[in-house]
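In the numbering used here, the protein residues as written are 44 to 287.
Here is the structure:
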């Protein structure tokens, strides 16, 4: 079964999101790497106050959650994605899973993105240029998975430079969600799995008349989401997102 991993962006963050991640070895490893790699650690990163006041906290928390969820599925549940796609900021987590960026490199990049937005001294277009300049210093790695761009809705294979262009431009350009979904379905994606946090993207998918199979890791839990992704259950997921 062809599986697409979806990574949510800004607007999906929720207080306590890093404390709701799958309780697996792979997820714990990501949290440990983030604790070591982010100045000041991550213990208070996902508090309501931090997420409300800090663009950096929002950016870093979303990256950690996306990568932790994906690695838990891949390493602990043996669910292998065929494609990755991120909504805006979610593209950075998608790039990590596609092996275009290391997690450490992505942490630095999203922290820079958040800091520049937080300062508010430059236009989003100029911030995109700064991000492109930063990404240009990173050694190119072989792309392991097809990556669908959020700024064009195009499926990229072996095009690391184009992935970096998409990441830099995402700060200033709107997300072409319908084009992204269309590209994934045209490529043959049958099941869409939304990484933590939340189920914003899953909800948008299930609103379609010809809705694809879709599941949220945070909503259903890692084990059930993995079973669904593997096609071991055809259960329809509830439409109501539980209260925090």
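Yeah, the Cβ is synthetic: ideal placement off N, Cα and C, and Gly gets one too.
Going by alpha carbons, who is nearest to residue i out of the options?
i: residue 217; options: 141, 53, 131 and 63; result: 131
i: residue 191; options: 62, 143, 55 and 73; result: 143
i: residue 235; options: 77, 116 and 61; result: 116
i: residue 133; options: 231, 113, 271 and 122; result: 113
i: residue 58; options: 269, 82, 47 and 108; result: 108
i: residue 269; options: 55, 78 and 124; result: 124
i: residue 155; options: 64, 69, 45 and 97; result: 97
i: residue 219; options: 201, 233, 231 and 195; result: 195
i: residue 181; options: 147, 188 and 197; result: 147
i: residue 250; options: 193, 232 and 224; result: 224
i: residue 238; options: 210, 63 and 149; result: 63
i: residue 264; options: 45, 65, 46 and 55; result: 65
i: residue 240; options: 104, 212 and 81; result: 104
On the DSSP bridge list, what partners appear for residue i?
i: residue 50; result: 129
i: residue 184; result: DSSP lists no partner for residue 184.
i: residue 214; result: According to DSSP, which records beta bridges pairwise, residue 214 is partnered with nothing at all.
i: residue 190; result: 127 and 199
So residue i is in the alpha helix (DSSP H); what residue range does that whole segment cover?
i: residue 234; result: From DSSP, residue 234 is part of no alpha helix (DSSP H) but of the beta strand (DSSP E) over 234 to 237.
i: residue 177; result: 167 to 179
i: residue 251; result: Counting along the chain, residue 251 falls outside any alpha helix (DSSP H), and DSSP gives it neither H nor E.
i: residue 221; result: 220 to 230
i: residue 75; result: 68 to 80
i: residue 94; result: 91 to 96
i: residue 153; result: 146 to 162
i: residue 267; result: 265 to 272
Taking 7 Å as the cut-off, does the CB of residue i come closer than this to any heavy atom belonging to the ligand MG?
i: residue 150; result: As far as ligands go, the structure on display features none, and thus does not contain the ligand MG.
Can you tell me where the beta strand (DSSP E) with residue i in it begins and where it stops?
i: residue 257; result: 256 to 259
Check whether the Cβ of residue i lies closer than 8 Å to any Cβ atom in chain D.
i: residue 270; result: No chain D appears in the structure shown, which is made up of a single protein chain.
Cutting at 6 Å between CB atoms, please list the residues of its own chain near residue i, excluding the five before and the five after it.
i: residue 21; result: For residue 21 there is no data in the structure shown, the boundaries of the chain being 44 and 287.
i: residue 203; result: 143, 183 and 186
i: residue 205; result: 199
i: residue 284; result: Annotation note: pLDDT 43 at residue 284 (below 50); position unreliable, coordinate value reported separately. Here the set comprises 242.
i: residue 69; result: 114, 115, 118 and 119
Looking only at its own chain, which residues have a Cβ that is under 7 Å from the Cβ of residue i, when we skip the five neighbours before and after it?
i: residue 93; result: 87 and 100
i: residue 138; result: 144, 149, 190, 206 and 210
Residues in the same chain with beta-carbon distance under 8 Å from residue i, minus the five sequence neighbours each way, listed in chain order, please.
i: residue 287; result: Because residue 287 sits at a pLDDT of 38, beneath the cut-off of 50, its placement in the model cannot be relied upon, and the point is left open.
i: residue 232; result: 45, 46, 47, 125, 126 and 255
Exercise. Does the region 248 to 258 come close enough to the region 72 to 83 that 3 or more CB-CB pairs lie under 8 Å?
Worked result: no
Exercise. Does the region 235 to 251 come close enough to the region 46 to 53 to have 3 or more Cβ pairs within less than 8 Å?
Worked result: Contact between the region 235 to 251 and the region 46 to 53 is present: 3 or more CB-CB pairs across the two stretches fall below 8 Å.
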